[in-house]
Amino acid sequence: MFDSLSSKFNAAFSSLRSRGKITSADIDQVCNEIYQGLLEADVALGVVESFIEKVKSKSLNALPTLQSGSNQAQAIFEIVNAELIEILGGQARRVRLAKNPPTVIMLAGLQGAGKTTLAGKLAKYFKDLGDTPILVASDLQRPNAVNQLQVVGERISVPVFAPEPGNGVGDPVVVAKAGVAFARSKLHNIVIVDTAGRLGVDEEMMKQASDIRDAINPDEILFVVDAMIGQDAVKTAQAFKVGVGFDGVVLTKLDGDARGGAALSIAVLTGKPIMFASTGEKLGDFDLFHPDRMASRILGMGDVATLAEQAKKALDGESSAKMEEKFIKGEDFTLEDFLEQLEAMSKMGSMGKLLSMLPGAGAMKKQIENFDESEIVRTKAIVQSMTPQERIEPKILNGSRRARIASGSGRKVQEVNALVDKFSAAQKMMKQMINGGGAPAGMALPPGLPAMPAAPRMGKKPSTPPKRKSRSGNPAKRAIEENS
Numbered sequence: 027m028f029d030s031l032s033s034k035f036n037a038a039f040s041s042l043r044s045r046g047k048i049t050s051a052d053i054d055q056v057c058n059e060i061y062q063g064l065l066e067a068d069v070a071l072g073v074v075e076s077f078i079e080k081v082k083s084k085s086l087n088a089l090p091t092l093q094s095g096s097n098q099a100q101a102i103f104e105i106v107n108a109e110l111i112e113i114l115g116g117q118a119r120r121v122r123l124a125k126n127p128p129t130v131i132m133l134a135g136l137q138g139a140g141k142t143t144l145a146g147k148l149a150k151y152f153k154d155l156g157d158t159p160i161l162v163a164s165d166l167q168r169p170n171a172v173n174q175l176q177v178v179g180e181r182i183s184v185p186v187f188a189p190e191p192g193n194g195v196g197d198p199v200v201v202a203k204a205g206v207a208f209a210r211s212k213l214h215n216i217v218i219v220d221t222a223g224r225l226g227v228d229e230e231m232m233k234q235a236s237d238i239r240d241a242i243n244p245d246e247i248l249f250v251v252d253a254m255i256g257q258d259a260v261k262t263a264q265a266f267k268v269g270v271g272f273d274g275v276v277l278t279k280l281d282g283d284a285r286g287g288a289a290l291s292i293a294v295l296t297g298k299p300i301m302f303a304s305t306g307e308k309l310g311d312f313d314l315f316h317p318d319r320m321a322s323r324i325l326g327m328g329d330v331a332t333l334a335e336q337a338k339k340a341l342d343g344e345s346s347a348k349m350e351e352k353f354i355k356g357e358d359f360t361l362e363d364f365l366e367q368l369e370a371m372s373k374m375g376s377m378g379k380l381l382s383m384l385p386g387a388g389a390m391k392k393q394i395e396n397f398d399e400s401e402i403v404r405t406k407a408i409v410q411s412m413t414p415q416e417r418i419e420p421k422i423l424n425g426s427r428r429a430r431i432a433s434g435s436g437r438k439v440q441e442v443n444a445l446v447d448k449f450s451a452a453q454k455m456m457k458q459m460i461n462g463g464g465a466p467a468g469m470a471l472p473p474g475l476p477a478m479p480a481a482p483r484m485g486k487k488p489s490t491p492p493k494r495k496s497r498s499g500n501p502a503k504r505a506i507e508e509n510s
């Protein structure tokens, strides 16, 4: 979503870094470029003017204190980063949990913003944290809204309180109140109430939302807004703030191709924090909103913290510990290990999204867009078509075995050969890392392989496993060797 804005920031700072000593004229030029970039991204004019004024003022004040030999461009960059974090909300804000469960969360927003799907994503988020959420179907107006929530609840194995069929039948206020009472009786500690929306703000919708609010007294009211509708998102949020009130904002469809101005305007103009962000269609494409991480991505520095969190979720502790132990002992990284890593990567989401979180991803935009997501599926199919012994000892993969693997995976023999060759190269690099205490400077791990910790430099080098003796081709001699 922020690709265009990121390119503007990168261009501005590339120009600034090319200079030696920075002058006030240089700062003016950079601020003008950022100003244009923010306006083109559909950021509210008032927010843009306030942002530029602060950046310019702090940058000019910092100039006299910067030494000529220091990286002055980096100092200006840090000022911009700090101000960007500020307009995004400052710091992440988590849900306030009720002292006496359940914690009641009410969702509000326009029709089409994705409230019902968002309700399921929020429920999954809490379930993954170890909570016991329940969904309450109080959107009784939109066709099939109740049924959609039930389907979503079933997919994530979260119960749905839905005593009314919806489609215009039933009282949403009564359902919401009964849902909270039911959750309390069944000891659910999180209640998520889905409410009706309209195509536009109107008195009837506001009245219904405020009546539900008064009936259930929610601990948090979250305003769900489609990030792709631009400045209309801010106007709608301000209307809801006056008509119903809310505690935080949830941005949906942040994976879209809109300009992203809503995300950079809504927190400042409503005075309410962005608490969650939905970044895809899958129920797992949802997480806490971190202003510092979003600012980092906009400025082209990537989002390594989120990437690390996703990797931690995907890799269970036992697998990680086993892999680290193998590495330290100097044991070979096998195709069996490689398959485990591919399975973990699949859990983390699309490779395009993962690559976009790396620093400098903006410069690889075309490569990321052209990345073939099915490549991982094809690679897994090849490895899964191997026997356990072949995965551990790829050296035994002769021509007939490779032909069998190609047939079993539906791929060509050339593809099997290419995978084995790449894997052999990766094994060699792993051994270099063990012997040298780390990867050579500038060398990155091949795609699909995990980042491994450096071997300890203190004490003796890890002992390598002894080489197996070659076996005799004579059956009688081989029997004697094996028994000796």
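Numbering (our numbering), first residue to last: 27 to 510. Using N, Cα and C, we set each Cβ at its ideal position, and we do this for glycine too.
Nearest-angstrom Cα separation, counted from residue j out to residue i
i           : j           : result
residue 265 : residue 364 : 52 Å
residue 119 : residue 137 : 25 Å
residue 275 : residue 171 : 22 Å
residue 88  : residue 273 : 36 Å
residue 76  : residue 54  : 15 Å
residue 453 : residue 222 : 56 Å
residue 175 : residue 254 : 23 Å
residue 238 : residue 201 : 9 Å
residue 231 : residue 277 : 20 Å
residue 57  : residue 154 : 43 Å
residue 470 : residue 63  : Legend: pLDDT at residue 470 = 38, less than 50; position of this residue unreliable, no value from coordinates given.
residue 430 : residue 183 : 40 Å
residue 401 : residue 369 : 13 Å
residue 156 : residue 406 : 31 Å
residue 45  : residue 109 : 23 Å
residue 361 : residue 311 : 29 Å
residue 476 : residue 122 : Since pLDDT at residue 476 reaches only 38, below the 50 mark, its modelled position is unreliable, and no value is offered.
residue 444 : residue 433 : 15 Å
residue 146 : residue 212 : 19 Å
residue 199 : residue 233 : 11 Å
residue 37  : residue 30  : 11 Å
residue 83  : residue 290 : 20 Å
residue 173 : residue 181 : 13 Å
residue 424 : residue 440 : 13 Å
With 16 other Cβ atoms within 10 Å as the buried cut-off, status of residue i
i           : result
residue 169 : exposed
residue 408 : buried
residue 50  : exposed
residue 192 : buried
residue 163 : buried
residue 426 : exposed
residue 487 : With a pLDDT of only 39 at residue 487, under the threshold of 50, the placement of this residue in the model should not be trusted, and no figure is reported.
residue 229 : exposed
residue 307 : exposed
residue 428 : buried
residue 81  : buried
residue 91  : exposed
Candidates the options: closest to residue i by CA position
i           : options               : result
residue 74  : 43, 113, 90 and 105   : 113
residue 220 : 314, 134 and 289      : 134
residue 417 : 358, 433 and 441      : 358
residue 126 : 259, 102 and 206      : 206
residue 227 : 218, 216, 259 and 203 : 259
residue 309 : 432, 441, 446 and 151 : 151
residue 403 : 424, 366 and 423      : 366
residue 216 : 173, 124, 243 and 267 : 124
residue 52  : 85, 148, 298 and 313  : 85
residue 297 : 314, 323 and 268      : 268
residue 148 : 438, 107, 91 and 315  : 315
residue 107 : 225, 181 and 323      : 323
Within 8 Å, strictly: CB atoms of residue i and residue j
i           : j           : result
residue 435 : residue 450 : no
residue 140 : residue 166 : no
residue 241 : residue 270 : no
residue 288 : residue 111 : no
residue 325 : residue 303 : no
residue 250 : residue 144 : yes
residue 295 : residue 70  : yes
residue 214 : residue 160 : yes
residue 179 : residue 186 : yes
residue 42  : residue 102 : yes
residue 48  : residue 60  : no
residue 204 : residue 189 : yes
residue 39  : residue 99  : yes
residue 218 : residue 263 : no
residue 442 : residue 420 : no
Rounded Cβ spacing between residue i and residue j (contact assumed at less than 8 Å)
i           : j           : result
residue 129 : residue 245 : 5 Å
residue 117 : residue 317 : 6 Å
residue 247 : residue 115 : Actually they do not touch by this definition, with Cβ atoms about 17 Å apart.
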